[in-house]
Structures are given as structure tokens and as C-alpha cells.
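Number of protein chains: 4
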Amino acid sequence: MERGDKREAVMRAALELVGEHGFHGSPMAMIAGRAGVAAGTIYRYFESKDVLIRETYGCLEEQLMVSVKAEYPQGGPIRERYLHVCQGLFNYFLASPLEFRFIEQFHNSPYGVACRRDKILGKKEKDIITELFEEGMEQQILKELPLPVFFALTFGPLVNLCRDHILQFIVLDQPLIIRTVEACWDAVKR
Amino acid sequence: MERGDKREAVMRAALELVGEHGFHGSPMAMIAGRAGVAAGTIYRYFESKDVLIRETYGCLEEQLMVSVKAEYPQGGPIRERYLHVCQGLFNYFLASPLEFRFIEQFHNSPYGVACRRDKILGKKEKDIITELFEEGMEQQILKELPLPVFFALTFGPLVNLCRDHILQFIVLDQPLIIRTVEACWDAVKR
Amino acid sequence: MERGDKREAVMRAALELVGEHGFHGSPMAMIAGRAGVAAGTIYRYFESKDVLIRETYGCLEEQLMVSVKAEYPQGGPIRERYLHVCQGLFNYFLASPLEFRFIEQFHNSPYGVACRRDKILGKKEKDIITELFEEGMEQQILKELPLPVFFALTFGPLVNLCRDHILQFIVLDQPLIIRTVEACWDAVKR
Amino acid sequence: MERGDKREAVMRAALELVGEHGFHGSPMAMIAGRAGVAAGTIYRYFESKDVLIRETYGCLEEQLMVSVKAEYPQGGPIRERYLHVCQGLFNYFLASPLEFRFIEQFHNSPYGVACRRDKILGKKEKDIITELFEEGMEQQILKELPLPVFFALTFGPLVNLCRDHILQFIVLDQPLIIRTVEACWDAVKR
DNA sequence: GATGAATGAGGCTTCATTCAT
DNA sequence: AATGAATGAAGCCTCATTCAT
Numbered sequence: 005m006e007r008g009d010k011r012e013a014v015m016r017a018a019l020e021l022v023g024e025h026g027f028h029g030s031p032m033a034m035i036a037g038r039a040g041v042a043a044g045t046i047y048r049y050f051e052s053k054d055v056l057i058r059e060t061y062g063c064l065e066e067q068l069m070v071s072v073k074a075e076y077p078q079g080g081p082i083r084e085r086y087l088h089v090c091q092g093l094f095n096y097f098l099a100s101p102l103e104f105r106f107i108e109q110f111h112n113s114p115y116g117v118a119c120r121r122d123k124i125l126g127k128k129e130k131d132i133i134t135e136l137f138e139e140g141m142e143q144q145i146l147k148e149l150p151l152p153v154f155f156a157l158t159f160g161p162l163v164n165l166c167r168d169h170i171l172q173f174i175v176l177d178q179p180l181i182i183r184t185v186e187a188c189w190d191a192v193k194r
Numbered sequence: 005m006e007r008g009d010k011r012e013a014v015m016r017a018a019l020e021l022v023g024e025h026g027f028h029g030s031p032m033a034m035i036a037g038r039a040g041v042a043a044g045t046i047y048r049y050f051e052s053k054d055v056l057i058r059e060t061y062g063c064l065e066e067q068l069m070v071s072v073k074a075e076y077p078q079g080g081p082i083r084e085r086y087l088h089v090c091q092g093l094f095n096y097f098l099a100s101p102l103e104f105r106f107i108e109q110f111h112n113s114p115y116g117v118a119c120r121r122d123k124i125l126g127k128k129e130k131d132i133i134t135e136l137f138e139e140g141m142e143q144q145i146l147k148e149l150p151l152p153v154f155f156a157l158t159f160g161p162l163v164n165l166c167r168d169h170i171l172q173f174i175v176l177d178q179p180l181i182i183r184t185v186e187a188c189w190d191a192v193k194r
Numbered sequence: 005m006e007r008g009d010k011r012e013a014v015m016r017a018a019l020e021l022v023g024e025h026g027f028h029g030s031p032m033a034m035i036a037g038r039a040g041v042a043a044g045t046i047y048r049y050f051e052s053k054d055v056l057i058r059e060t061y062g063c064l065e066e067q068l069m070v071s072v073k074a075e076y077p078q079g080g081p082i083r084e085r086y087l088h089v090c091q092g093l094f095n096y097f098l099a100s101p102l103e104f105r106f107i108e109q110f111h112n113s114p115y116g117v118a119c120r121r122d123k124i125l126g127k128k129e130k131d132i133i134t135e136l137f138e139e140g141m142e143q144q145i146l147k148e149l150p151l152p153v154f155f156a157l158t159f160g161p162l163v164n165l166c167r168d169h170i171l172q173f174i175v176l177d178q179p180l181i182i183r184t185v186e187a188c189w190d191a192v193k194r
Numbered sequence: 005m006e007r008g009d010k011r012e013a014v015m016r017a018a019l020e021l022v023g024e025h026g027f028h029g030s031p032m033a034m035i036a037g038r039a040g041v042a043a044g045t046i047y048r049y050f051e052s053k054d055v056l057i058r059e060t061y062g063c064l065e066e067q068l069m070v071s072v073k074a075e076y077p078q079g080g081p082i083r084e085r086y087l088h089v090c091q092g093l094f095n096y097f098l099a100s101p102l103e104f105r106f107i108e109q110f111h112n113s114p115y116g117v118a119c120r121r122d123k124i125l126g127k128k129e130k131d132i133i134t135e136l137f138e139e140g141m142e143q144q145i146l147k148e149l150p151l152p153v154f155f156a157l158t159f160g161p162l163v164n165l166c167r168d169h170i171l172q173f174i175v176l177d178q179p180l181i182i183r184t185v186e187a188c189w190d191a192v193k194r
């Protein structure tokens, strides 16, 4: 296995195990085992378990944004852009259940809170979705609400349903996804 | 302290500590300390830590339903009942941040998944909210969607915003709560 | 074994093992084994290995001072008091080789340096020996030297010889001890 | 870098790091880093960490003896020779704090004990200082004492004070060094 | 019933040493 | 000869659970 591969393998193992059993159900030794390396080896690539988790999350977030931005109708009507983003997220998550589970676990942990704080306080670059909401409000197409409310109205249902789908409590097909996303649009539009 | 009191004290301590520090940040010894009992004593009332957590959750869920049902306009219009339930939940959670945090932690853990499975598969009695959605669909006031989608469109944003409020990423006051709940209504109504 | 006994047993085990193998040759598990308790038990009595070491040292230092002060000819001539202290230390150390080894290891470690710094900077109460040197200088019986030099001229040889004796590189009997102590007196006296 | 240079570099790095952080604060990887070689490379020159430490010590001891012998008034009066040796050692150690720290660490470790045993049991060649003491006794200039007592009376204070100086608990200047060495002379002389 | 000291498995991390390149 | 990634044993510490008092 080559150098980069090993790093990848460790992150992949962390992704899988955390997705399946949570952070506390995923000891470093188990991650190492799944990755096919010795326990000590992980520490050549990641300073600590915390760092491993955070970097794994970082990669996932990047992938996610890439997937959302793909074919994004920049400059198109707000509604179209909103539907595009939501459907993109749905499709990404449903196609990547492990990634979804990991991201969820991350957000529901001290890591995630700190991360969210940074984002809301604007320490991270303003993303495509924030822009969308701000522009929508300016154009009086969206309701006049604080940003976190838009995020809640959009990602709250989305995340909820992806989880239910992955846990097989519901089956989401394209038509249902579209109808759900349109319901979210009803929530945010004026 | 009497028998029942001791049991209560332990659950209260578990609630507080888990709300503050999560399951893994709340050792049994610490729960015992907070409850004012010896560590071993907890095991006279709860078979294991898992059981303690689950029973504590059970109590919280009951309280929650009581609070939602209070002054519930049974027989009134769907919209009014929907708004009543949502506002009730918002107000309950914002007034009980520890309870909220505990419930959230619970739902994002293996316990929570099993619990949710039982509920969706109908192993538990049909609750007031399910009734509301089913009736609304019958009357063609609500959209035609699977139940889990209604839950997602409603509780997704609600939980999201309560968390943000408790973490002080946003300040929810009554007007904003109302506008948010009305946005959720827009999502579910036809 | 009773509560106090267990604490004692752990310190005793630490004393013995550190004396024999040094700090790094004395893992907590080995100390526990020697003390006849489980590894985790040590942590009921001592917050960490560091604390265990420091408290063990503290006890030894107390014993040492008790032994030095016993029959101390307070108010007697400087020379007599000096010889008394030195002989007391020699006899204590030779009778307690494990204690000696531990104290030595402690002094030659980061712990010991911090401890020494506190003592020299006067953070600890002025001890009987410091008094002796200061009084001796005032009375012009001792040479005019900084305190650390007196300590070096006295404890340097003393510690060196105790080590050699314990390692059986030399055999110290009472006459030799007396002659050695008198040689030290020659070094400090005017 | 040539073969010899690399070996030197490793020993130099070991010296520095052990002097600064002790044996256990100086992992092989860190020594390698400081020396500018790969970790594995060290093992081409030294069988193990133990061997590296011992050989490094050996070099230092040689240097030390060279420094002591420089301008040594061979054949001169005992007192002059004694003062020369002691002052030489003081000056060497104060000018080479890392070397001093390393030597000290070495002596206070299992390595050091074995080393000392060999020296005292005469397995090593008789050194200049031993000669000095033996000659001084013969000439009845020095007290009649076993050799280890002379060593203790001389090196005990010396090492003690060098440490205090390096740790900045005292400042040794030439006059104070001279007065201290003379005090040691008072201890050993008849 | 209540206590809380004791247990020991298990978690994270370090580091001397090896070995394929 | 040199490299440095990989190994895995071993260290410190935590904590759910038990049991003698």
C-alpha cells in the first residue's frame, strides 16, 4: 500500500466505523484493524483521534460542496437554485449512507458544535447556500427570516429524512424527494 | 430520602449530566454524586447504565406529551392544532434546555434508533400528532405525503432551531417562533 | 486490608520499586502488583503517578526531618549540632536504603528540581539545617559562604557515600562515618 | 556527510537532548531528527539506545580527562594538583552544561551504577585523581581515608554546586569557585 | 437497603526497533 | 549505506459494575 493510500484507508475506516457505531464505539485499534494497519501507524498521519475525526469530516464536507456545486445554475432563479441544492444534497446523502452517518455524528458532538459556531460567526467563507438565502431575501422571493431559520427549514427536514431512509424507515424515490424539496420551498418562500 | 425520591434523584442527575456533557461525559460515579447517593445504589433501581438512560428518556417523553396535550384544541381546525403543538414543543424545549439536550443525545445514539423504529413501525400507541397529520390529509388540508415526511418537515426545523437557540447561535423570541411555525405550516399545508 | 493500609501499601510499593528500578522502571501496574491491589485502585488514593511519587517523597522527607530532629542539641555548640545532624542522616540512610534510593531518584528528576527551587527560593519554611548554617556564620565559626555551598559541602559527600555503601562499593561503619563527618566539618568551619 | 561525521552527529544530538530532557524525554526519532539522519540510520552505528547512551558517555568521560590533564602540574605539590583538578572540573562543567547534565543523568541511572562498580573494582586503569589521593595519603598530607571517601568529599560538593549553578539556583564566579575548592581541600587535608 | 472501595478490561498514545525500498 | 514508514508491546488512566461491610 502506498503512503497516500494508507492515509486514505485510515480515514475510510474511521468513516465506516464511526458511521456504524459512533465515535465512542470506534476505538483506534478497531479503526486500525479495519484499515489494515497497526494501531501506531495511524499516528503517523493524524496527531490524535480528534484530529483524525476532524480531518475525515473536512474531506467529507469538501466532497459535499463539490457535489452541490456541480451543475449549479449560478445566476438562475432562486427557486431553481434552491431545488438544485436540496436535490443535490438528497442524492449525495442517499448514495453515500456512511458519509451521511458520519457527518451526522459529527454534527451531534462537541466537534460539530465548535464547527457550527465558526460557520455561523462567519469565520468560514460564506458558502453558496448562504448567498442563495441572502439574495432570495433581497429579491423578496423568500420570507424575511434570520439565516439560521432558513437553514433549519431546509436542512432539518432533509437530514431527518435521509436518516429515516438510511435506517429504512421510509423509502425515498425521486418523485418523493422532489415533492419534499418543494414542501421545503413552500416553507421558505414568501 | 425515600425509595421513590432516590430513583427520581438519580434520573434527574442523569438528565442534567448527560444534557451538559453527553453520555460518555457522565460516568455512573458522577451521576451518583450529583444525585447524592452511592454509586452502587443506582444499580438497585436500574439494571445498568443503558437502562437508566432509557428510562430517563421514557420519563422525558411522557412529560413532553403531557405538555403538548395541555390545552390542546381537540376537534378544532387542523391549522390551529398544528400551530398549538409546534409552539408547545418550542416553548417546552426552550424552557427545558437540559431535557432538550438529553432527548437530542438520545435520538442520536443507538438507543434512539431502536426507539424510533418501534414508533414508526407502530409498536407504540398512535399519538396525537400522527392523528393530526392523518386527519389533515383526509381533509385535504395537508399535502399528500408519507407520515415520516410530515414529521421531518415539522420536527426537523424545530429541533434544529432549539439547538441553535440553546447553543446561543440565535435568539428565539415569541414572534420569531410564531413565524417559524407558520413557515412549517406552509411546508405541510396543501 | 483497611483503607489506610492500602494507601500505605501503595506508597511502600512505589518506594521499593522506584528505589530499585527508577521511575521509568516502575509502571503503575507493577506498583499495583507489588502493593497487592488492582491497577485502578491506586487512582482512588492518588490522582496520577506524579502525585503518587510526590506524596511518597513528602512522607519520606517528613520521616527524615523527624529523625534528624530527634535528640537534636538545640542551643548547643554549632559543631556538636552539625555533627549530630550529619550522623543522624548517615544513620537514617544506611538503615533505610530503599528510602535513600527513592529520595535520590526524586532529587535527580524534574520533580526534584522543582522541589529544590521552592526550597532555595524560600517557599518552604526555613529548616533546622539552614538555621544552623546561618547561626554558624554569624558566630564566625563557619566560613563565609553562600548557603548552597554549605549544603553542597555537607550533603554532597554524604549522599555520595551513602550510595556507595548501599551499592556495596564501600562499607561504612560508625568510626568511618564519624571521621567522614569530621572531614565535612573541616570543610565548612573557618 | 561522511561516516564518522554521522556517528558524531548522532552522539552530539543524544548529548544535547538527554542533557535537556533526560533519557526518557529523548526518543530515538528525536535524536535522529536533531542529528539530521534517519531513525534507522542510528542503528548502523549503535546497536541499541543503551549502547548509544553508553558510548556517548564514554566520549564525554574522555574529554573530561583530557581537560583535567591539561596543564596538570605533574610532580608538583599535592595541594596544587588537587586545586588544579577541582578548578578544571568546575570550569569544564560550567562551560559545558549539556555535557554536565548528561553525565549527571548517566550516573544516576542503572548504566552509571555498573560503570561506577567497574571503576571502583579497578577494572579500569587507575586514573590521575586516584593517584593523587594515594600519593597524598602516603605523604601524610591527606587524611587517612578510603578512596571512595575522598571522591565523595571532592566530587560530591562539586557536582552539587555545578547543578545548582546550571539550574540558576546560585551563581558561581571564579572567586567563589576557588573558595569552594579550598573548602574541599580543608576536608581532605590532614 | 445502602455504601463506596475495589476491580480489571479497555481506551488512547508513545517509541525502540525493523525492514522494504 | 541510508531511509523513514510501519510495527506492536507497553504505559497511563477511566469507568461500569460488583460485593463485603
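Residue numbers (my numbering), protein chains in the order written: chain A, 5 to 194; chain B, 5 to 194; chain C, 5 to 194; chain D, 5 to 194. For each residue, glycine too, the CB sits at the ideal point set by N, CA and C. Quick caveat, the model's predicted, so the values are computed rather than measured.
Run down chain D in chain order and give the residues with a C-beta less than 7 angstroms from the C-beta of C:D190. As a first step, residue 190 of chain C must be located in the third sequence, where it is residue number 186. D190 and A191, listed in chain order.
By Cβ distance below 8 angstroms, which residues in the same chain neighbour D:I35 in space, the five residues on each side in sequence not counted? Here the question's residue 35 of chain D lines up with position 31 in the fourth sequence. Taken in chain order, the residues that qualify are V14, A17, A18, L21, I46 and L56.
Taking 8 angstroms as the threshold (C-beta atoms), are C:D168 and D:P114 in contact? Position 110 of the fourth sequence holds residue 114 of chain D. Position 164 of the third sequence holds residue 168 of chain C. No; because the gap between Cβ atoms is not below 8 angstroms, this pair is not in contact.
Counted within 10 angstroms of its Cβ, other Cβ atoms place C:H28 as buried (16 or more) or exposed: The residue labelled residue 28 of chain C in the question sits at position 24 within the third sequence. Classification of C:H28: exposed, given that the 10 Å Cβ count is below 16.
Could you please give me the residues that DSSP links to C:K193 through a beta bridge? As a working note, residue 193 of chain C is residue 189 in the third sequence. The partner list for C:K193 (beta bridge, DSSP) reads C:L146.
Under 8 angstroms from the C-beta of A:T184: neighbouring residues of chain B: The sequence position of residue 184 of chain A within the first sequence is 180, counting from 1. L149, V153, A156 and L157, listed in chain order.
Buried or exposed for A:S100, going by 16 or more other Cβ atoms inside 10 Å? For this step, residue 100 of chain A is matched to residue 96 along the first sequence. Answer is buried; the Cβ neighbour count reaches 16.
Whole-number beta carbon distance between A:G26 and A:Q109, since they are thought to touch under 8 angstroms: Here residue 109 of chain A corresponds to residue number 105 of the first sequence, with the count starting at 1. Here residue 26 of chain A corresponds to residue number 22 of the first sequence, with the count starting at 1. Here A:Q109 really is in contact with A:G26; their C-beta atoms are around 6 angstroms apart, less than 8 angstroms.
Confirm, please, whether the CB-CB distance from A:E148 to A:M141 is below 8 angstroms. Taking the first residue of the first sequence as 1, we reach residue 141 of chain A at position 137. Taking the first residue of the first sequence as 1, we reach residue 148 of chain A at position 144. If you check the CB distance, A:M141 and A:E148 come in under 8 angstroms.
What is the C-beta distance between B:E2 and B:L165, in whole angstroms, given that I count them as a contact (C-beta under 8 angstroms)? The question about residue 2 of chain B has no answer, for chain B in this structure spans 5 to 194.
Give a yes or no on whether the minimum CB-CB distance between A:V117 and chain B is below 8 angstroms. For the purposes of this step, residue 117 of chain A is identified with residue 113 of the first sequence, where counting begins at 1. The Cβ of A:V117 sits closer than 8 angstroms to at least one Cβ of chain B.
Apart from the five residues on each side of it in sequence, which residues of its chain come closer than 8 angstroms, Cβ to Cβ, to C:M69? As a first step, residue 69 of chain C is located in the third sequence; it is residue number 65 there, counting from the start. For C:M69, where only same-chain residues beyond five positions count, the Cβ hits under 8 angstroms are D131 and I132.
Does DSSP classify A:N112 as helix, strand or coil? Mapped onto the first sequence, residue 112 of chain A falls at position 108. Coil at A:N112, not helix or strand.
Report the rounded CA-to-CA distance for C:V163 versus A:M32, giving the unit in angstroms. Sequence index remark: in the third sequence, residue 163 of chain C carries index 159 (1-based). Sequence index remark: in the first sequence, residue 32 of chain A carries index 28 (1-based). The alpha-carbon atoms of C:V163 and A:M32 are separated by roughly 47 angstroms.
Would you be able to state if there are at least three C-beta pairs under 8 angstroms between the segment 70-78 of chain B and the segment 174-190 of chain A? Contact fails: fewer than three Cβ-Cβ distances are below 8 angstroms.
Starting from the C-beta of A:R194, find all residues in its chain whose C-beta is less than 7 angstroms away, skip the five residues before and the five after it, and write them out in chain order. On the first sequence, position 190 is the one that residue 194 of chain A refers to. The beta carbon of A:R194 sits closer than 7 angstroms to those of Q144, I145, L146 and K147, all from its chain and outside the five residues before and after it, given in chain order.
Would you mind reading off the limits of the alpha helix (DSSP H) that contains C:A156? In the third sequence, counting from the first residue as 1, residue 156 of chain C sits at position 152. Where C:A156 is concerned, the enclosing alpha helix (DSSP H) stretches over L151 to I170.
Kindly indicate if chain A contains any beta-carbon less than 8 angstroms away from that of B:L171. Within the second sequence, the letter at position 167 stands for residue 171 of chain B. Residue-level contact by beta carbon holds for B:L171 and chain A, with a gap shorter than 8 angstroms.
Does the Cβ of B:V175 have 16 or more other Cβ atoms within 10 Å, making it buried, or fewer, making it exposed? Along the second sequence, one-based indexing puts residue 175 of chain B at 171. Exposed, by the Cβ-count rule.
Which whole-angstrom value is the C-beta distance of C:V192 and C:F154, which I expect to be below 8 angstroms? Working through the third sequence from its first residue, we reach residue 192 of chain C at position 188. Working through the third sequence from its first residue, we reach residue 154 of chain C at position 150. About 6 angstroms separates the beta carbon of C:V192 from that of C:F154, a gap short enough to meet the 8 angstroms contact definition.
Anticipated Cβ contact below 8 angstroms, A:I170 with B:F173, distance rounded: Residue numbering aside, residue 170 of chain A sits at position 166 when the first sequence is read from its first letter. Residue numbering aside, residue 173 of chain B sits at position 169 when the second sequence is read from its first letter. Rounded to the nearest angstrom, the Cβ distance from A:I170 to B:F173 is 26 angstroms, too far for a contact under 8 angstroms.
Helix, strand or coil at D:G92 according to DSSP, with G and I counted as helix: In the fourth sequence, residue 92 of chain D corresponds to position 88, counting from 1. Reduced to three states, the DSSP call for D:G92 is helix.
Against chain C, does D:D122 count as a neighbour if the rule is that its beta carbon must be under 8 angstroms from one of theirs? One-based indexing of the fourth sequence puts residue 122 of chain D at position 118. The Cβ of D:D122 sits no closer than 8 angstroms to any Cβ of chain C.
Out of curiosity, what's the CA-to-CA distance linking C:D122 and D:Q67? Residue numbering aside, residue 122 of chain C sits at position 118 when the third sequence is read from its first letter. Residue numbering aside, residue 67 of chain D sits at position 63 when the fourth sequence is read from its first letter. Those two C-alpha atoms are separated by around 34 angstroms.
Of the residues that make up the segment 22-48 of chain D, which ones have a beta carbon closer than 7 angstroms to any beta carbon in chain C? Listed in sequence order: H28.
Using CA atoms only, rank isn't needed, just tell me which of C:Y61, C:E138, C:R11 and C:E24 is closest to C:V41. Here residue 41 of chain C refers to the residue found at position 37 when the third sequence is read from its first residue. Of the listed residues, the one whose Cα sits closest to C:V41 is C:R11.
Skipping 5 residues on each side, what residues in its chain have a beta carbon closer than 6 angstroms to that of A:R85? Stepping through the first sequence from its first residue, residue 85 of chain A is reached at position 81. Only P77 and L136 meet the Cβ criterion.
Does any residue of chain A bring its CB to less than 8 angstroms from the CB of B:L102? Working through the second sequence from its first residue, we reach residue 102 of chain B at position 98. Not one chain A Cβ lies under 8 angstroms of B:L102.
Beta-carbon spacing of B:G23, B:R105 below 8 angstroms: Within the second sequence, residue 23 of chain B is the residue found at index 19, counting from 1. Within the second sequence, residue 105 of chain B is the residue found at index 101, counting from 1. The beta carbons of B:G23 and B:R105 sit closer together than 8 angstroms.
In chain B, which residues lie less than 8 angstroms from A:A187 when you measure between Cβ atoms? Here residue 187 of chain A is taken as the residue at index 183 of the first sequence, counted from 1. Here the neighbours are K147, L149, V153, L157, A191 and V192.
Beta-carbon separation of A:L87 and A:W189 under 8 angstroms? As a first step, residue 87 of chain A is located in the first sequence; it is residue number 83 there, counting from the start. As a first step, residue 189 of chain A is located in the first sequence; it is residue number 185 there, counting from the start. Yes. Within cutoff.
Thinking C-alpha only, which one of A:Q91, A:A43, A:S71 and A:R58 is nearest A:V117? Taking the first sequence and counting its residues from 1, the one referred to as residue 117 of chain A is at position 113. Cα-wise, what sits closest to A:V117 is A:R58.
Integer Cβ distance of B:N112 from A:N112, believed to fall under 8 angstroms: Position 108 of the second sequence, counted from the start, is the residue given in the question as residue 112 of chain B. Position 108 of the first sequence, counted from the start, is the residue given in the question as residue 112 of chain A. By a beta-carbon distance limit of 8 angstroms, B:N112 contacts A:N112. Their separation comes to about 4 angstroms.
Cβ atoms of D:Y49 and D:I107: under 8 angstroms apart, would you say? To locate residue 107 of chain D, count along the fourth sequence from 1; it is residue 103. To locate residue 49 of chain D, count along the fourth sequence from 1; it is residue 45. No, Cβ-Cβ distance for D:I107 and D:Y49 is not below 8 angstroms.
Once you ignore the five residues that flank D:R38 on each side, which residues in its own chain have a CB closer than 7 angstroms to its CB? Taking the fourth sequence and counting its residues from 1, the one referred to as residue 38 of chain D is at position 34. Here the set comprises A17, E20 and L21.
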